[in-house]
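Working notes, structure below.
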Amino acid sequence: MAKDKSPQNLGDSHRIATSDDLEVSTYLEIAKELGGEQPSAPEEAISGAKREAIIVVDFGSQYSLLIARRIRECQVYCELVPYDAPWEKIAALNPKGFILSGGPASVYEPEAPLAPAYIYESNLPVLGICYGMQVITHQLGGRVAPATKHEYGHAILHISDVDSPLLADLDNASPVWMSHGDRIEEMPPGFSALAYTESSPFAVMGNDKQIFGLQFHPEVAHTPQGKTILKNFAYRICDCQGNWTMGNFTKDSQVKIKQQVGQGKVISALSGGVDSSIVATLIHQAIGNQLTCIFVNNGLLRREEAKRTTKVFRHNMGMNIISVDASDRFLQRLRGIINPETKRKAIGEEFIRVFEEEAKKIGKVDFLAQGTLYPDVIESASSGSQTSAKIKSHHNVGGLPARMTLSLIEPLRYLFKDEVRQVGIELGLPEEMIWRQPFPGPGLAIRVIGEVTREKLEILRGADWIVMNEIKKAKLYHQLWQSFAILTDVRSVGVMGDFRTYGYLVAIRAVTSEDAMTADWARLPYDILARISNRIVNEVPEVNRVVYDITSKPPSTIEWE
Ligand code: XMP
Numbered sequence: 034m035a036k037d038k039s040p041q042n043l044g045d046s047h048r049i050a051t052s053d054d055l056e057v058s059t060y061l062e063i064a065k066e067l068g069g070e071q072p073s074a075p076e077e078a079i080s081g082a083k084r085e086a087i088i089v090v091d092f093g094s095q096y097s098l099l100i101a102r103r104i105r106e107c108q109v110y111c112e113l114v115p116y117d118a119p120w121e122k123i124a125a126l127n128p129k130g131f132i133l134s135g136g137p138a139s140v141y142e143p144e145a146p147l148a149p150a151y152i153y154e155s156n157l158p159v160l161g162i163c164y165g166m167q168v169i170t171h172q173l174g175g176r177v178a179p180a181t182k183h184e185y186g187h188a189i190l191h192i193s194d195v196d197s198p199l200l201a202d203l204d205n206a207s208p209v210w211m212s213h214g215d216r217i218e219e220m221p222p223g224f225s226a227l228a229y230t231e232s233s234p235f236a237v238m239g240n241d242k243q244i245f246g247l248q249f250h251p252e253v254a255h256t257p258q259g260k261t262i263l264k265n266f267a268y269r270i271c272d273c274q275g276n277w278t279m280g281n282f283t284k285d286s287q288v289k290i291k292q293q294v295g296q297g298k299v300i301s302a303l304s305g306g307v308d309s310s311i312v313a314t315l316i317h318q319a320i321g322n323q324l325t326c327i328f329v330n331n332g333l334l335r336r337e338e339a340k341r342t343t344k345v346f347r348h349n350m351g352m353n354i355i356s357v358d359a360s361d362r363f364l365q366r367l368r369g370i371i372n373p374e375t376k377r378k379a380i381g382e383e384f385i386r387v388f389e390e391e392a393k394k395i396g397k398v399d400f401l402a403q404g405t406l407y408p409d410v411i412e413s414a415s416s417g418s419q420t421s422a423k424i425k426s427h428h429n430v431g432g433l434p435a436r437m438t439l440s441l442i443e444p445l446r447y448l449f450k451d452e453v454r455q456v457g458i459e460l461g462l463p464e465e466m467i468w469r470q471p472f473p474g475p476g477l478a479i480r481v482i483g484e485v486t487r488e489k490l491e492i493l494r495g496a497d498w499i500v501m502n503e504i505k506k507a508k509l510y511h512q513l514w515q516s517f518a519i520l521t522d523v524r525s526v527g528v529m530g531d532f533r534t535y536g537y538l539v540a541i542r543a544v545t546s547e548d549a550m551t552a553d554w555a556r557l558p559y560d561i562l563a564r565i566s567n568r569i570v571n572e573v574p575e576v577n578r579v580v581y582d583i584t585s586k587p588p589s590t591i592e593w594e
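Going by the working numbering, the first residue of the sequence shown is number 34, and it counts up by one from there.
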């Protein structure tokens, strides 16, 4: 999705979903390699509310998941399914309508993905977006012409059928975002144009069987009234009631957890991050001390993190917490390792070991709770068919190690990150916990460039503490996706008082992002940068130079390793 790069919009940046279970994904990643059991089927894991669902049929657009999120923002449950999903799977979700997503293909290619017949036979409403609209056109007897040129960017939508419920409450002449190659030459029989733009006479089309097409993308921020269209589709066309609220979800999932667990025992890895904290609290409020959380201090955490996490959960919330200080073990294991992926792997494996050892000490345990989120599920579901390069190993999600014969509890499995935060609010968790910035599983190890040592970790903690402190003081913490320090392996010459110094170079990284897939460097005010830099060189004696990272992702990544 296009990002707003302007500095003045720093304050408007909106932290929403993420595809990473940032806290325990290292564990999951290793678990996958060890070959775990498959997580439970979707039907079982969804809240027990009288569910109604809009189904997004995925043709591979980069925006498909965003469509689902926008529909959920309208309090209607929405799931993404592959375009060739069997009807049985969809029927179980109680569909009220279909949205056919965009996608990179052309309908007249021999292998082009098309909508399965059951979509049209179901007599449920259908909304095709971009490629989805071309699919409808092609399958229902219209004509799609190959692109002579691609149309990208803004267009102005003019409504021609003011009575169409799909376009109710929409301003005439509203901006929309186009991004398509092929175009519709002729609508299928029975369709009429409901709206047009300068270059698309059929920017919106529909028939009286409640089948619609949009040439533009209503789900992206560049179509400011797009959500009104999606909401109209859900409520006015599909007749949804809007019962998908996080209050309902929280209550239902606690009832379900109680049923599932019975008298059994549950363990969970607690990192203090958003997802694992919310999973633990949700389950603890449902089954009390049948849950034991294992908090592993790997020695790679930020200053005071370990103490604060155990204090909050053990003392304030009264949870059963096993807190293990495994710092020495992890440091020992990391000795001599420079390669970032080797670091990640070593930390992940060590984590599994410590976790299993501690779990064994508890005695009989029946369930393992995990903070898997919906984007993880989607990503791992599609990873088999995609040939995308592995940039960093944390994007992989898997099941349990085969040797751990526990059943999984994944109450957040169908939630987006912003929904998870809502659940946190329902549970009464402190704001500070709900709005924490993501922190990677391998922790500071991937922010110490090169070999990780105790000394370097301490230096980094000092610098990181100052960054956090100043960012929070400037009230920028919540507007940034992440803000942190990196200890580079560069040393440079400086002068302090009358003395020459030869100290470390610290880099500061602060980014805005919607989902960590792309990110932009934050235009932090100069005086904040100056304060951070002054404080670091004055308060962290080993550091004599500070730089600010001004690269976006891509081509960089958020973390340096
Ligand atoms: P990158 O550096 O790939 O990071 O742009 C995207 C997001 O993922 C976090 N990250 C990780 N999280 N284990 C994690 O749990 C990891 O190994 C890992 N590496 C990166 C990063 O902090 C950012 O939010």
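We put the CB at the ideal spot given by N, CA and C, even for glycine.
Give every residue of the same chain whose Cβ lies closer than 6 angstroms to the Cβ of residue i, excluding the five residues on either side of it in the sequence, and list them in chain order.
i: residue 63; result: Low per-residue confidence applies at residue 63: pLDDT is 34, beneath 50, and the placement is therefore not dependable, though the value from the model is reported in the following sentence. Excluding positions up to five away in sequence, the list reads 381, 382, 385.
i: residue 579; result: 539, 566, 569
i: residue 80; result: Bear in mind that the predicted position of residue 80 carries a pLDDT of just 45, short of 50, making it unreliable; the figure below should be weighed with that in mind. Here the set comprises 282, 285, 286.
i: residue 183; result: 214
i: residue 419; result: Below a pLDDT of 50, predicted positions are generally treated as unreliable, and residue 419, at 39, falls in that range; no measurement from the model is reported.
i: residue 322; result: 353
i: residue 483; result: 371, 522
Applying the criterion that 16 or more other CB atoms from any shown protein chain within 10 Å of the CB defines a buried residue, is residue i buried or exposed?
i: residue 95; result: exposed
i: residue 264; result: buried
i: residue 402; result: buried
i: residue 529; result: exposed
i: residue 205; result: exposed
i: residue 292; result: exposed
i: residue 594; result: buried
i: residue 138; result: buried
i: residue 332; result: buried
i: residue 577; result: buried
i: residue 590; result: exposed
i: residue 526; result: exposed
i: residue 455; result: buried
i: residue 251; result: buried
i: residue 363; result: buried
i: residue 72; result: Because the pLDDT at residue 72 is just 38, under 50, the model does not fix this residue reliably, and the value given afterwards should be weighed accordingly. Residue 72 comes out buried.
i: residue 369; result: exposed
i: residue 257; result: exposed
i: residue 584; result: exposed
i: residue 409; result: buried
i: residue 553; result: buried
i: residue 314; result: buried
i: residue 46; result: Any reading at residue 46 must be qualified, since the residue scores a pLDDT of 30, below 50, and its modelled position is unreliable; no value is offered.
i: residue 489; result: buried
i: residue 185; result: exposed
Closer than 7 angstroms by C-beta to residue i: which residues in its own chain qualify, once you throw out the five before and the five after it? Chain order, please.
i: residue 197; result: 227, 239
i: residue 495; result: 572, 573
i: residue 493; result: 477, 480, 481, 518, 520
i: residue 411; result: 98, 113
i: residue 498; result: 336
Any heavy atom of the ligand XMP inside 8 angstroms of the beta-carbon of residue i?
i: residue 552; result: yes
i: residue 479; result: yes
i: residue 591; result: yes
i: residue 17; result: Beyond the ends of the chain as shown, which are 34 and 594, falls residue 17; an answer cannot be given.
i: residue 228; result: no
i: residue 450; result: no
i: residue 543; result: no
i: residue 586; result: yes
i: residue 84; result: no
i: residue 377; result: yes
i: residue 549; result: yes
Output needed for residue i: all residues of its chain with C-beta closer than 8 angstroms, excluding positions within five of it in sequence on either side, in chain order.
i: residue 28; result: Nothing about residue 28 can be read from this structure; the chain reaches only from 34 to 594.
i: residue 230; result: 188, 189, 190, 191, 209, 211, 236, 248, 249
i: residue 318; result: 287, 460
i: residue 479; result: 373, 376, 377, 473, 592, 593, 594
i: residue 448; result: 282, 406, 407, 456
i: residue 395; result: 298, 300, 325, 355
Does the ligand ATP have even one heavy atom less than 8 angstroms from the beta-carbon of residue i?
i: residue 515; result: In the structure shown, the ligand ATP is absent; the only ligands present are the ligand XMP.
Item checked: At least 3 beta-carbon pairs within less than 8 angstroms: the segment 238 to 253 vs the segment 206 to 217 -> By the C-beta criterion, the segment 238 to 253 is judged to be in contact with the segment 206 to 217, since at least 3 inter-stretch pairs fall below 8 angstroms.
Next item on the list: Pair every Cβ in the segment 152 to 162 with every Cβ in the segment 252 to 271, then say whether three or more of these pairs are closer than 8 angstroms.
Entry: Enough Cβ pairs lie closer than 8 angstroms, so yes.
Notebook entry, point to check: Counting Cβ pairs closer than 8 angstroms, one from the segment 140 to 153 and one from the segment 166 to 183, do we hit at least three?
Noted result: The segment 140 to 153, when compared against the segment 166 to 183, does touch it at the 8 angstroms Cβ threshold.
Check: Would you call the segment 461 to 475 and the segment 501 to 521 in contact, with 3 or more CB pairs under 8 angstroms?
Finding: Segment contact: the segment 461 to 475 against the segment 501 to 521, three or more CB-CB distances shorter than 8 angstroms; contact assigned.
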